[in-house]
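Enquirer: Counting from 306, one number per residue, gives the positions in the sequence shown under my numbering. First the structure, which I've put down as structure tokens, then a few questions once you've had a look.
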Amino acid sequence: MLNNFDLTEPVKAYHHFLKDAYHENVVKFFDNLTEKSKVDIDANRSTVNHIKSLTTKIGHVENSLGKRKALKTFVIVMMILLFVASLIGIFYIINDQDISNFYIAIPIAGIGGGIGLIFALKAVKKRIKDFENQLNKLNKQRDDYTREAYEQMQALNDLYDWNIPAKLVTDTTSLIQMDQYFDQNKFYYLRNKYGFQENMEKNISTVFVQSGSILGNPFLVQRNHISQMVNRVYRGEKVITWTTVVGSGKNRRVITHTQVLVAEITKPAAEYFYETWLVYGNEAAPRLSFSREPSNANSMNEKQIKKFVEDFERDLGKKIRNSSLANKTLTMMGNSEFEALFNATNRDNDVEFRLLFTPLAQKNMLDLIKSKSPYGDDFYFTKTKSLNYIKSLHAQKADLDADPKKFMHYNYDFARSNFIQYCDNYFQSFYFDLAPLLAIPLYQQHMSFEEIFKGTIDPNVTGFETEMMANRYDDKIFKHPQSDTPATLKRDLVR
Numbered sequence: 306m307l308n309n310f311d312l313t314e315p316v317k318a319y320h321h322f323l324k325d326a327y328h329e330n331v332v333k334f335f336d337n338l339t340e341k342s343k344v345d346i347d348a349n350r351s352t353v354n355h356i357k358s359l360t361t362k363i364g365h366v367e368n369s370l371g372k373r374k375a376l377k378t379f380v381i382v383m384m385i386l387l388f389v390a391s392l393i394g395i396f397y398i399i400n401d402q403d404i405s406n407f408y409i410a411i412p413i414a415g416i417g418g419g420i421g422l423i424f425a426l427k428a429v430k431k432r433i434k435d436f437e438n439q440l441n442k443l444n445k446q447r448d449d450y451t452r453e454a455y456e457q458m459q460a461l462n463d464l465y466d467w468n469i470p471a472k473l474v475t476d477t478t479s480l481i482q483m484d485q486y487f488d489q490n491k492f493y494y495l496r497n498k499y500g501f502q503e504n505m506e507k508n509i510s511t512v513f514v515q516s517g518s519i520l521g522n523p524f525l526v527q528r529n530h531i532s533q534m535v536n537r538v539y540r541g542e543k544v545i546t547w548t549t550v551v552g553s554g555k556n557r558r559v560i561t562h563t564q565v566l567v568a569e570i571t572k573p574a575a576e577y578f579y580e581t582w583l584v585y586g587n588e589a590a591p592r593l594s595f596s597r598e599p600s601n602a603n604s605m606n607e608k609q610i611k612k613f614v615e616d617f618e619r620d621l622g623k624k625i626r627n628s629s630l631a632n633k634t635l636t637m638m639g640n641s642e643f644e645a646l647f648n649a650t651n652r653d654n655d656v657e658f659r660l661l662f663t664p665l666a667q668k669n670m671l672d673l674i675k676s677k678s679p680y681g682d683d684f685y686f687t688k689t690k691s692l693n694y695i696k697s698l699h700a701q702k703a704d705l706d707a708d709p710k711k712f713m714h715y716n717y718d719f720a721r722s723n724f725i726q727y728c729d730n731y732f733q734s735f736y737f738d739l740a741p742l743l744a745i746p747l748y749q750q751h752m753s754f755e756e757i758f759k760g761t762i763d764p765n766v767t768g769f770e771t772e773m774m775a776n777r778y779d780d781k782i783f784k785h786p787q788s789d790t791p792a793t794l795k796r797d798l799v800r
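Below, the structure written as structure tokens:
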């Protein structure tokens with residue numbers, strides 16, 4: 306386990322040792338699960354090899370079956386064409402007394418060819434039937450081996466739970482403590498001390514929540530399913546044509562005209578999306594508020610960054626001189642590159658801003674913003690007094706719920722690589738949501754004195770957890786049978 310001081314430079318810490326340390330813990334954890342489950346790896350590999358061999362054979366049979374079905378279609382089409390040709394030949398024989406040998410030959414050839422094709426079709430259909438029987442037999446064998454492989458892996462599959470990737474974060478660094486679940490004490494602590502509010506909006510439902518703390522300072526990763534009404538423009542097009550006659554006599558001409566008619570109408574429509582935030586409470590700089598957006602600096606080279614900073618510095622200087630900023634007391638930082646790329650000019654307390662963003666904090670933040678991998682500057686950072694909100698673009702697509710079903714598999718080798726890759730991706734996404742906060746040394750130095758969270762316990766878990774659990778069920782259970790739109794689930798405490 307790494308000590309707390311290893312994260313004073315979060316980007317360097319991740320790439321130099323934290324990434325590998327977490328990966329090693331994941332590998333060790335999975336190997337321990339394997340040992341505990343007593344899975345016979347060699348037997349499973351033998352079974353999986355049978356499955357792979359059968360899958361290859363099934364692919365070959367399916368390919369041959371497809372060709373035979375195409376041949377069957379071709380034969381049927383040829384029979385139809387010969388039948389039509391024969392009818393045409395017979396028609397000419399009946400209605401034309403002076404007929405050539407060609408017209409006599411057509412129905413004869415058609416009938417003869419048709420008889421031949423009938424036998425060919427019969428042979429093709431028999432071959433198709435043979436392939437279908439062979440395919441059914443192979444599929445049954447593969448299903449049997451797959452069932453056997455799942456039975457071999459059952460003991461390991463039963464050991465997965467929801468908190469494994471989170472637990473391994475704490476095992477890797479003691480600075481970050483991950484909770485088993487978001488309990489009522491942690492919620493009351495966030496609410497009473499930092500002003501965090503429980504969401505009661507009917508159109509917002511929590512689908513994932515993960516709480517934890519850094520030196521006693523609480524954080525919460527929350528993903529919500531949101532529905533809202535928006536004005537949507539519906540556009541339709543129709544092509545119309547008409548003709549006009551010009552001239553007369555020999556000069557008379559008909560002209561065809563074409564026009565595209567376009568119509569638009571704006572109507573309310575429901576919109577559904579997911580939104581993921583990291584919320585962090587810390588009493589350092591408690592009177593400071595600001596916000597910033599991604600700068601896209603990670604896609605610039607040094608020359609482009611230099612020009613961007615010079616333009617920003619010039620424009621900001623003009624705004625300060627003209628007092629066009631809402632913040633009349635803003636004083637530019639000595640580090641113009643940080644001022645430009647972090648761009649928190651809407652800050653309302655310059656003293657606390659400088660207290661928070663020391664030279665080391667500025668360096669750390671610039672390292673994060675300018676880094677090319679894994680995400681670069683893709684984060685929104687909003688601070689409202691003692692609450693910090695991080696919304697990153699990568700977190701909106703990240704898979705963080707660690708559903709045990711995602712790890713269960715019949716193939717041991719696949720299960721192992723899949724588990725390790727999932728956990729590595731989990732840690733990468735989660736860590737770089739924390740990185741803007743870890744980049745500020747004062748946040749790591751400010752330890753909360755409340756080791757035991759205060760508050761009166763009402764229900765055992767928070768509303769966030771109950772909504773998340775409800776969203777695990779198939780939404781068909783809750784929504785109206787005639788509804789085609791997603792259900793937004795809300796909980797209510799029954800006393």
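The beta-carbon is built from N, C-alpha and C at its ideal position, and this holds for glycine as well.
For the alpha helix (DSSP H) containing I625, list its first residue and its last residue.
Expert: First-last of the alpha helix (DSSP H) with I625: E607 to N627.
Enquirer: Which residue wins for smallest C-alpha separation from K696, given the options H714, S600 and F686?
Expert: Among H714, S600 and F686, the Cα nearest to that of K696 is on F686.
Enquirer: Since W582 sits in a beta bridge, which residues does DSSP pair it with?
Expert: Q527, per the DSSP bridge assignment.
Enquirer: Can you give the Cα-Cα distance for D655 and D683, rounded to whole angstroms?
Expert: Straight-line Cα distance between these residues: approximately 25 Å.
Enquirer: Less than 7 Å between the beta carbons of Y539 and I570, yes or no?
Expert: For Y539 and I570, yes; Cβs fall inside 7 Å.
Enquirer: Quick one, are the C-beta atoms of M713 and F513 less than 7 Å apart?
Expert: Cβ atoms of M713 and F513: not closer than 7 Å.
Enquirer: Give me the Cα-Cα distance between P599 and K543, rounded to the nearest whole angstrom.
Expert: Going from the Cα of P599 to the Cα of K543 covers about 42 Å.
Enquirer: Which of the three DSSP states, helix, strand or coil, is assigned to R810?
Expert: For the chain, the structure presents residues 306 to 800; residue 810 sits outside this window and is missing.
Enquirer: Since L739 is in the beta strand (DSSP E), which residue starts that stretch and which ends it?
Expert: Premise fails: L739 lies in the alpha helix (DSSP H), Y717 to L743, not in any beta strand (DSSP E).
Enquirer: Can you tell me where the beta strand (DSSP E) holding N693 begins and where it ends?
Expert: Counting along the chain, the beta strand (DSSP E) containing N693 begins and ends at L692 to S697.
Enquirer: What do you reckon, are the CB atoms on G586 and S691 nearer than 7 Å?
Expert: Going by C-beta atoms, G586 is nearer than 7 Å to S691.
Enquirer: Along the beta strand (DSSP E) that carries S641, what are the first and last residues, could you check?
Expert: Not the beta strand (DSSP E): S641 falls in the alpha helix (DSSP H), residues S641 to F647.
Enquirer: Here's the rule: buried if 16 or more other CB atoms are within 10 angstroms of the residue's CB, otherwise exposed. What is I356?
Expert: Label assigned to I356: buried.
Enquirer: What residue range is occupied by the uninterrupted beta strand (DSSP E) comprising M483?
Expert: It spans I481 to M483 - the beta strand (DSSP E) in which M483 sits, taken as one unbroken run.
Enquirer: Would you report the Cα separation of P679 and T689, rounded to the nearest angstrom?
Expert: About 28 Å.
Enquirer: So, R652 versus Y579, is the Cβ gap smaller than 7 Å?
Expert: For R652 and Y579, no; Cβs fall outside 7 Å.
Enquirer: On the three-state DSSP scale, how would you describe E506?
Expert: E506: coil per DSSP, three-state reduction.
Enquirer: Looking at C-beta atoms only, is the number of pairs between the region 459-468 and the region 325-344 that lie closer than 8 Å three or more?
Expert: With a cut-off of 8 Å, the region 325-344 and the region 459-468 count as touching, because enough Cβ pairs lie within range.
Enquirer: Any idea if T561 is buried or exposed, counting beta-carbon neighbours within 10 angstroms, 16 or more meaning buried?
Expert: Flag for T561 reads exposed.
Enquirer: Considering only C-alpha positions, which residue in the set K507, F492 and E506 is nearest to G500?
Expert: Out of K507, F492 and E506, F492 has the C-alpha closest to the C-alpha of G500.
Enquirer: Please state if the CB of A740 and the CB of L660 are separated by a distance shorter than 7 Å.
Expert: Contact: no.
Enquirer: Do V559 and T546 have their C-beta atoms closer together than 7 Å?
Expert: Not a contact, by the Cβ cut-off of 7 Å.
Enquirer: Should F719 go down as buried or exposed, given a rule of 16 or more other Cβ atoms within 10 Å for buried?
Expert: When all chains shown are included, F719 counts as exposed.
Enquirer: What does DSSP give as the partner residues of N536 in its beta bridges?
Expert: For N536, which the question treats as bridged, DSSP gives the partners P573.
Enquirer: Which word fits E588, buried or exposed, when buried means at least 16 other C-beta atoms lie within 10 angstroms of its C-beta?
Expert: It counts as exposed.
Enquirer: Can you tell me whether A602 is helix, strand or coil according to DSSP?
Expert: Helix at A602.
Enquirer: Which residues in the same chain as I363 place their Cβ atom closer than 8 Å to its Cβ, once the five residues preceding and following it in sequence are excluded?
Expert: So the qualifying residues of the chain are L440, L443, N444 and R447.
Enquirer: Taking the C-alpha atoms as reference points, what is the distance between N368 and K572?
Expert: N368 and K572: Cα-Cα distance of roughly 49 Å.
Enquirer: Only counting the same chain, and skipping five residues up and downstream in sequence, which positions put a Cβ closer than 7 Å to that of N349?
Expert: So the list reads A454, Q457, M458 and Y717, once near-sequence residues are dropped.
Enquirer: For the alpha helix (DSSP H) containing Y748, name the first residue and the last one.
Expert: Run containing Y748: P746 to Q750, per the alpha helix (DSSP H) assignment.
Enquirer: For the beta strand (DSSP E) containing T475, name the first residue and the last one.
Expert: No beta strand (DSSP E) contains T475, which is instead part of the alpha helix (DSSP H) from I469 to T477.
Enquirer: Buried or exposed for P786, going by 16 or more other Cβ atoms inside 10 Å?
Expert: The residue in question, P786, is exposed, as its Cβ has fewer than 16 Cβ neighbours within 10 Å.
Enquirer: Taking the straight line between their C-alpha atoms, what separation do you get for A666 and N648?
Expert: Between A666 and N648, the C-alpha separation is close to 14 Å.
Enquirer: Measure the alpha-carbon distance for F322 versus L473 and round it to whole angstroms.
Expert: Between F322 and L473, the C-alpha separation is close to 15 Å.
Enquirer: On a Cα-Cα basis, can you pick out the residue from E657, L671 and S479 that is closest to N640?
Expert: Of the candidates E657, L671 and S479, the one whose C-alpha sits nearest the C-alpha of N640 is L671.
Enquirer: Going by C-alpha to C-alpha distance, which of G622, L359 and V366 sits closest to D449?
Expert: Among G622, L359 and V366, the Cα nearest to that of D449 is on L359.
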